[in-house]
Amino acid sequence: MSSSTESIVSFYDIILDPAAYPGSPNPWKTRYALNFAKVPYRTTWVPLNAVAETRKSLQLPANRKHMDGSDFPTLPIIRDPRSPPAGSKEVVLGDTFDIALHLQKTYLSSPSTSSSQQLFPADGSGTVALHRAFNKFADELFSQYGAPLAGCYMPFDPRTEEADKKAMMDRFPGKTKWEEFEIPRGSDVRKKFLEDFEEALDTKLGPCFAAAADDGKGPFMDGRKTPMYADFIIGGWLQMMRGCLPEWEELRDKWSGGKWGRLFDALEEWARVDGRDGVVPARR
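Each step along the sequence shown adds one to the number in UniProt numbering, with nothing skipped, and position 178 is 178.
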């Protein structure tokens with residue numbers, strides 16, 4: 001594939017504080033997949049309060065729903081000029097899983113591509129149906145525990161903090177103050193939440209990954225030595241925990257015998273972050 005400007009994928013991610021490392025889990029899943037597939041791309045950084053407007057400008061409806069049924073517009077989005085549908089100049093996708101399927105089909109489906117180079121390996125361990133179910137399972141687990149523990153500590157851009165917080169509160173009807181998102185550090189409630197989170201990761205997710213660093217297996221799903229999309233699903237959430245969870249070091253190094261830290265470190269090869277230019281102007 002040519003690396004000319006015309007053939008570069010446009011990848012839309014959420015930017016909070018420009019000085020902070022990106023931490024939105026779903027865009028991270030796509031970033032990992034783009035880097036893994038070795039697809040040339042350029043990131044457009046979108047402030048949280050401009051996400052809905054950005055999707056609308058690309059004629060993409062909201063890809064998720066709130067519990068009350070209202071629209072929940074979020075990122076990532078990609079625009080890919082390769083293999084566009086008839087009558088279009090590019091493929092425009094706004095759902096993480098759809099993007100992964102597109103990357104597999106468009107860039108990784110050659111007969112010469114080995115299973116170890118595929119997001120959904122052809123050896124049977126990474127079927128699309130299993131990945132779809134696993135994605136839902138992982139999102140529910142981290143949303144139940146990780147998001148409430150970490151969300152309040154997202155690093156906002158001081159220039160747009162109030163607008164971004166309002167945009168976040170609008171995603172959760174009934175919330176009127178930012179402080180309502182916090183589970184105070186040191187509180188008994190937080191301690192219990194952390195204990196439940198650790199147990200859930202260990203008992204529900206832990207069996208999917210290698211038990212120890214020296215057991216001869218790789219750090220990825222099912223002890224594999226190369227990742228597949230399921231690993232990037234968990235990696236995306238770990239990136240959020242890294243950026244927002246005060247107890248990240250404990251999760252990384254101690255929980256489940258350190259396997260989450262080993263997975264996180266092993267994914268570093270595909271964690272390249274594109275430059276911070278191209279930021280969509282924020283509404284203050």
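Just so it is clear, CB atoms sit at the ideal spot from N, CA and C, and this is done for glycine as well.
Specify the secondary structure class of residue i as computed by DSSP and reduced to three states.
i      : result
Val273 : coil
Asp164 : helix
Thr176 : coil
Asp253 : helix
Val46  : strand
Val51  : helix
Asp71  : strand
Asp265 : helix
Arg31  : helix
Asp13  : strand
Arg283 : Annotation note: pLDDT 38 at Arg283 (below 50); position unreliable, coordinate value reported separately. Here Arg283 sits in coil by DSSP.
Met1   : With a pLDDT of only 42 at Met1, under 50, the local geometry of the prediction cannot be trusted, and the value read off the model is given with reservation. Correct three-state label for Met1: coil.
Tyr21  : coil
Would you decide whether residue i is buried or exposed? Buried here means 16 or more other CB atoms lie within 10 Å of its CB.
i      : result
Asp196 : exposed
Ala129 : exposed
Leu58  : exposed
Pro246 : exposed
Val273 : exposed
Ala230 : buried
Thr176 : exposed
Asp188 : exposed
Asp164 : buried
Thr54  : buried
Thr96  : buried
Pro47  : buried
Asp98  : exposed
Ala86  : exposed
Ala37  : buried
Pro121 : buried
Ala19  : exposed
Gly275 : exposed
Pro111 : exposed
Phe156 : buried
Counting contacts by CB-CB distance shorter than 8 Å, is residue i in contact with chain B?
i      : result
Gln104 : This model lacks chain B altogether, as it is built from one protein chain only.
State the start and end residues of the unbroken alpha helix (DSSP H) segment that holds residue i.
i      : result
Phe142 : 128–144
Cβ of residue i versus every heavy atom of the ligand ADP: is any distance shorter than 7 Å?
i      : result
Thr127 : In terms of ligand content, the structure shown is empty, and the ligand ADP therefore cannot be addressed.
Report task. Assess, as a yes-or-no matter, whether the region 21–40 is touched by the region 229–239 under the definition of 3 or more beta carbon pairs within less than 8 Å. Result -> Contact check between the region 229–239 and the region 21–40: three or more CB pairs, one atom from each, fall below 8 Å, which counts as touching.
Query raised in the report: Considering only residues of the region 179–248, which uninterrupted beta strand (DSSP E) runs meet the minimum length of 3 residues and lie entirely inside it, listed in chain order?
Result: Secondary structure within the region 179–248: not one fully enclosed beta strand (DSSP E) run of 3 or more consecutive residues is present.
Requested in this report: Taking only runs that begin and end inside the region 76–115, name each unbroken alpha helix (DSSP H) of 4 or more residues, in chain order.
Outcome: Entirely contained in the region 76–115, the alpha helix (DSSP H) runs reaching 4 residues are, in chain order, 96–107.
Query raised in the report: Between the region 36–45 and the region 5–15, do three or more beta carbon pairs fall short of 8 Å?
Result: Contact between the region 36–45 and the region 5–15 is present, because at least three Cβ pairs lie under 8 Å.
Report task. Evaluate contact between the region 68–77 and the region 111–120, counting only Cβ atoms and requiring at least three cross-stretch pairs below 8 Å. Result -> Verdict: no, contact absent.
Query raised in the report: Touching or not, the region 172–190 and the region 133–153, by the rule of three or more beta carbon pairs under 8 Å?
Result: Yes, since at least three Cβ pairs between the region 172–190 and the region 133–153 fall closer than 8 Å, the two stretches touch.
Query raised in the report: How do the region 194–208 and the region 251–262 stand: do at least 3 beta-carbon pairs fall below 8 Å, yes or no?
Result: Enough Cβ pairs lie closer than 8 Å, so yes.
Query - At least 3 beta-carbon pairs within less than 8 Å: the region 219–230 vs the region 153–169 - result: No, the region 219–230 is not in contact with the region 153–169.
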